[in-house]
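So the sequence shown is residues -17 to 261, counted in the numbering used here.
Glycine residues also receive a C-beta, built at the ideal position from the N, C-alpha and C atoms.
The structure appears right after this line, and notes come after that.
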Amino acid sequence: MALSVVDLYAKILPKTNCKDCGYPTCIAFAGMVVSEKLPLKNCPHIAPDVLEKAQAELDEQYAQGKWLKKDMAAEALSLAKERTASLDLGAMAGRTGGILEDGKSPGPFSGTPHIRLPYFTGSLLVSKDRVADELGKDLSRNEQTFVYIHLASGGTSSPTGRMKSLKEFPNTVSKIVSMQDVVETPISQRFAGRLRALKTACETNGGTDVGNRYDSPDLAYQFRVFPKIYITLLFWDENEGFEPDAKLMFDETVMDHMDIEAVMFMSEHLAGLLTREAE
Ligand code: SF4
-17 MALSVVDLYA
-7 KILPKTNCKD
3 CGYPTCIAFA
13 GMVVSEKLPL
23 KNCPHIAPDV
33 LEKAQAELDE
43 QYAQGKWLKK
53 DMAAEALSLA
63 KERTASLDLG
73 AMAGRTGGIL
83 EDGKSPGPFS
93 GTPHIRLPYF
103 TGSLLVSKDR
113 VADELGKDLS
123 RNEQTFVYIH
133 LASGGTSSPT
143 GRMKSLKEFP
153 NTVSKIVSMQ
163 DVVETPISQR
173 FAGRLRALKT
183 ACETNGGTDV
193 GNRYDSPDLA
203 YQFRVFPKIY
213 ITLLFWDENE
223 GFEPDAKLMF
233 DETVMDHMDI
243 EAVMFMSEHL
253 AGLLTREAE
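Shown next as structure tokens:
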């Protein structure tokens, strides 16, 4: 029997969120065990007989490549590329706010028609096979995946400026915990008591201060990820016994331009940009 993240969390882990494994929650640890082969024994609170049986089941599913992050990422990218394979580059550029370039100018995509697509503070170059930055450096697989999904999604709406949290979109309930564990909690923990560092990280990555639109957060920055896709980060610093908190908000049209998996990859990428900036 294979163990999914939810199985591991519900049936094996103590669910106390004690952090002894080095992760903020049991579910975050479960995700790392299932997708990254982190040893289950890193949680010191599992009975030896349960640990032995569960680790044997995990070893079996690792051998089959089941749920491993590496394989899932490769599969996601291949599916995303497939979705764009039969689509017209010019039409995709027009819908997403990019520019179609014929590849006649010198550069990393010389000889290959491609889209130049604004992205955070710069632009991406996207062909049917490859997504790279302006210097020709290929993006990570997860980044390429959400770029291709965005291009293939076919949305035509323009951002309205009305921002919503993930749970306000339909069919997102299964992703709420992941959004907290992989995106929002790492941001709030990294920047607790470091408001100025977060402000700098936001501005370095092209964020615009939109604090005047919100009453309660200590900081609010908006990012134009792509011409049609906007994310706002809200942050409440630790204060008189209250834990720090971070929340991502998305323009209400975001699901017209990508699916929930791509929203997760994109959000994780933003969290990585901000937290790396603070190292
Ligand atoms: S050490 Fe075990 S019980 Fe504690 S947070 Fe990690 S997984 Fe949960």
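In the DSSP assignment, no residue is bridged to K86. If you draw a 10 Å sphere on the C-beta of C25, you find 16 or more other C-beta atoms in it, and that means buried. For P(-4), the shortest C-beta to heavy atom distance toward ligand 1 is below 6 Å. Counting C-beta pairs with one atom in each stretch, the segment 63 to 72 and the segment 193 to 206 have fewer than three that are closer than 8 Å, which means they do not touch. For L252, the three-state secondary structure derived from DSSP is helix. In the DSSP assignment, S105 falls within the beta strand (DSSP E) that extends over 104 to 108.
Beta-bridge partners of D191 (DSSP): Y203. When the Cα atoms are used, S140 and L(-15) turn out to be separated by approximately 42 Å. In the structure shown, D120 adopts extended strand secondary structure according to DSSP, grouped into three states.
For D163, the shortest separation between its Cβ and any heavy atom of ligand 1 does not lie below 6 Å.
Under the three-state reduction of DSSP output, P226 falls in the coil class, being neither helix nor strand. Looking from the CA of H27, the closest CA among G143, Y5, A45, T(-2) belongs to T(-2). A distance below 7 Å between beta-carbons, with the five flanking residues on each side excluded, links G104 to the following residues of its chain, in chain order: D115, E116. Counting along the chain, S170 sits inside the alpha helix (DSSP H) bounded by residues 167 to 173.
Contact between A134 and T66 holds: CB atoms are separated by about 5 Å, below the 8 Å threshold. The beta-carbon distance between M246 and K149, rounded to whole angstroms, is 14 Å. This is too long to meet the 8 Å contact definition. Secondary structure of H132 (DSSP, three-state): helix.
The Cβ atoms of V15 and W49 do not sit closer than 7 Å to each other.
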